[in-house]
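According to the working numbering, the sequence shown is numbered sequentially starting from 81. Cβ coordinates follow ideal geometry from the N, Cα and C atoms, glycine included. It should be emphasised that the depicted structure is a prediction, and the values quoted were computed from it without experimental measurement. For reference, the structure discussed in these notes is given below.
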Amino acid sequence: MREYCGIFGVYSPTRNVAFTIKKGLFHLQHRGQESAGIVTFDGQKFNTLKNFGLVAEALPDSLVRDMNGFSGIGHTRYSTFGDKDSFNNIQPISIFAHNKYIALAHNGNLTNADMLKKELVKEGRVFHSTSDSEVILHLYVKYMNLSPLDRFRIISNSVRGAFSILILQNDTLFAFRDKHGTRPLIMGINGDEFAFASEVGALRATGFKHIRELAPGELAIVQHGRVSTYIVEANAPKNQCIFELIYFARPDGVIFGKSVYDFRKESGRILAKKEQYNIDIVVPVPDSGLMAALGYSEEGNIPLEFGFIRNHYVGRSFIAPSNREEKVKMKLIPVRNIVEGKSIALIDDSIVRGTTSGKIISLLRENGAKEVHMRIASPPVKYPCYFGIDIPTRDELIASNREIDDIRREIGADSLLYLDIEDLYTLIRPNKKDFCYSCFTGRYLYTPE
Ligand code: SF4
81 MREYCGIFGV YSPTRNVAFT IKKGLFHLQH RGQESAGIVT FDGQKFNTLK NFGLVAEALP
141 DSLVRDMNGF SGIGHTRYST FGDKDSFNNI QPISIFAHNK YIALAHNGNL TNADMLKKEL
201 VKEGRVFHST SDSEVILHLY VKYMNLSPLD RFRIISNSVR GAFSILILQN DTLFAFRDKH
261 GTRPLIMGIN GDEFAFASEV GALRATGFKH IRELAPGELA IVQHGRVSTY IVEANAPKNQ
321 CIFELIYFAR PDGVIFGKSV YDFRKESGRI LAKKEQYNID IVVPVPDSGL MAALGYSEEG
381 NIPLEFGFIR NHYVGRSFIA PSNREEKVKM KLIPVRNIVE GKSIALIDDS IVRGTTSGKI
441 ISLLRENGAK EVHMRIASPP VKYPCYFGID IPTRDELIAS NREIDDIRRE IGADSLLYLD
501 IEDLYTLIRP NKKDFCYSCF TGRYLYTPE
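Now the structure itself:
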């Protein structure tokens with residue numbers, strides 16, 4: 081399961097920002113690894129650098145060095161909407177209209193993009209990509225004659241879905257979070273400079289102090305050295321993605337007002353309280369199960385052991401096997417003397433298809449584990465996501481039409497325990513109603529049109 085995209089934008093009155101944006105994108109790399117891009121405005125025109133691959137490959141220092149501009153935006157991409165091999169789909173995407181340079185970086189997914197695109201094409205607007213994000217760019221241009229507030233209000237009312245966006249219009253930077261607040265967008269400050277990022281970690285790493293998350297439906301405008309914020313749309317129901325806390329966001333961050341680290345650790349504590357088996361050691365699936373395993377270990381007073389070492393050198397430069405099981409084997413190396421003869425609580429954040437969990441369990445058994453008890457720090461994922469996360473179709477989700485014991489048998493565990501949806505509500509209390517749980521419950525705030 082993967083996230084759609086990380087975005088990062090900077091406004092500075094005095095210095096070139098391309099390197100800062102590149103550094104910020106490094107710290108958002110976990111949100112998208114297919115491509116990366118930067119656009120800056122140098123006072124006359126846009127400078128654009130984008131390519132396929134990881135940030136380091138797509139944005140080489142030798143080229144970033146030549147990018148002048150005190151304002152800029154950047155993007156790391158993971159796609160499921162549009163052709164992932166099309167260069168034109170790499171963001172930021174930009175356009176020259178009304179004598180202005182305009183670029184867009186988008187994190188999320190639109191549920192009515194096809195319908196809007198048809199209307200815009202009928203009006204004679206020409207699309208250069210197959211990404212849903214270009215719809216937002218065309219709507220922005222269509223309403224350029226309106227004030228920014230009215231323009232974003234129309235975008236907010238026209239577009240359905242998740243969209244945390246950054247728009248650079250010449251050197252003016254706009255940051256906007258959709259009215260349901262599905263994806264995060266965080267504002268930072270460093271003296272007279274302002275930055276916006278999908279996660280706090282990218283702000284901290286680039287020297288910006290975290291001010292706050294933009295509220296759902298809030299617009300920030302940075303121009304002439306000042307930031308102004310406006311609530312474009314208030315009172316819409318919130319639909320913040322609970323999976324940001326469960327898995328996607330980096331654990332050093334604060335997302336939707338919650339410490340990601342604390343949330344995950346607490347989820348492990350809840351699992352430990354429900355334990356009914358005699359467990360010798362707690363083993364996290366690296367890195368997704370680390371914090372929950374720590375909480376489980378502390379609560380259950382059971383030693384935490386690293387039964388797997390992660391091979392950090394399996395990257396895109398390696399010719400990766402296409403087989404998922406082989407990939408797991410290359411990535412996770414079992415530590416035989418730790419797991420041999422032990423009854424293990426194996427902790428992970430979620431099970432999607434089940435193939436990875438099955439392989440991890442069989443690796444433990446091959447290395448002498450006596451029992452493997454799988455503990456999952458979220459409820460069963462049964463339904464797809466329409467809000468920017470690549471969750472496979474229902475047919476591919478192991479939990480979509482199976483009972484827990486059937487899943488246990490299929491992945492080869494001695495026992496299997498998930499968190500309940502009620503446990504999630506406990507973890508985010510008192511804000512239960514502000515979150516999206518659709519991939520667990522099948523109840524959506526809205527569905528594709
Ligand atoms: S359906 Fe699941 S992954 Fe998608 S936004 Fe809702 S909680 Fe997040």
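How should residue i be labelled, buried or exposed, when 16 other C-beta atoms within 10 angstroms of its C-beta is the threshold for buried?
i: residue 283; result: buried
i: residue 167; result: exposed
i: residue 208; result: exposed
i: residue 124; result: exposed
i: residue 62; result: Nothing in the structure corresponds to residue 62, since the chain is present only between 81 and 529.
i: residue 120; result: buried
i: residue 476; result: exposed
i: residue 356; result: exposed
i: residue 323; result: buried
i: residue 389; result: exposed
i: residue 364; result: buried
i: residue 289; result: exposed
i: residue 345; result: buried
i: residue 260; result: buried
i: residue 217; result: buried
i: residue 274; result: buried
i: residue 188; result: buried
i: residue 515; result: buried
i: residue 446; result: exposed
Could you give the DSSP three-state label for residue i: helix, strand or coil?
i: residue 290; result: strand
i: residue 228; result: helix
i: residue 190; result: strand
i: residue 356; result: coil
i: residue 470; result: strand
i: residue 251; result: coil
i: residue 401; result: Residue placement at residue 401 cannot be trusted, given a pLDDT of 45 that sits under 50; the coordinates are not used to answer.
i: residue 428; result: strand
i: residue 406; result: helix
i: residue 519; result: helix
i: residue 275; result: strand
i: residue 323; result: helix
i: residue 390; result: strand
i: residue 170; result: coil
i: residue 220; result: helix
i: residue 121; result: strand
i: residue 499; result: coil
i: residue 363; result: strand
i: residue 484; result: helix
i: residue 508; result: coil
i: residue 142; result: helix
i: residue 180; result: strand
Just to confirm my understanding: we take residue i, look at its own chain, exclude 5 residues before and 5 after, and list those with CB closer than 6 angstroms. What are they?
i: residue 253; result: 89, 91, 151 and 302
i: residue 460; result: 479 and 498
i: residue 336; result: 320
i: residue 116; result: 105, 135, 138, 139 and 156
i: residue 304; result: none
i: residue 386; result: none
i: residue 437; result: 431 and 491
i: residue 443; result: 414
i: residue 154; result: 88, 101, 105 and 118
i: residue 236; result: 259, 312 and 313
Looking only at its own chain, which residues have a Cβ that is under 7 angstroms from the Cβ of residue i, when we skip the five neighbours before and after it?
i: residue 448; result: 416, 419, 420 and 421
i: residue 384; result: 362, 373, 374 and 377
i: residue 434; result: 478, 487, 490 and 491
i: residue 343; result: 325 and 507
i: residue 109; result: 134, 135 and 156
i: residue 269; result: 288, 289 and 291
If I follow the unbroken alpha helix (DSSP H) through residue i, where does it start and stop?
i: residue 327; result: Note, residue 327: premise wrong, no alpha helix (DSSP H); not H, not E.
i: residue 376; result: 370-380
i: residue 99; result: 98-106
i: residue 527; result: Unbroken run through residue 527: none, as it is neither H nor E.
Tell me the residue span of the beta strand (DSSP E) that contains residue i.
i: residue 438; result: Residue 438 -> not in any beta strand (DSSP E); alpha helix (DSSP H) instead, spanning 435-446.
i: residue 453; result: 451-456
i: residue 84; result: Neither: residue 84 is in no beta strand (DSSP E) and is coded neither H nor E.
Excluding sequence positions up to five away, which residues of its chain have a Cβ less than 8 angstroms from the Cβ of residue i?
i: residue 196; result: 190, 215, 219, 238 and 239
i: residue 341; result: 331, 332 and 371
i: residue 501; result: 459, 517, 520 and 521
i: residue 359; result: 380, 382, 423, 424, 425 and 453
i: residue 298; result: 256, 257, 309, 310, 311 and 312
i: residue 349; result: 375, 376, 378 and 379
Would you say the beta carbon of residue i is closer than 8 angstroms to some non-hydrogen atom of ligand 3?
i: residue 385; result: Inclusion of ligand 3 in the displayed structure is not the case, the ligand content consisting of ligand 1 alone.
Can you find a C-beta in chain C that's less than 9 angstroms from the C-beta of residue i?
i: residue 495; result: The structure shown has no chain C; it contains just one protein chain.
*Name all residues in chain order for which at least one heavy atom of ligand 1 lies closer than 5 angstroms to the residue's CB.*
After applying the 5 angstroms Cβ criterion, the set is 321, 322, 323, 465, 467, 469, 516, 518 and 519.
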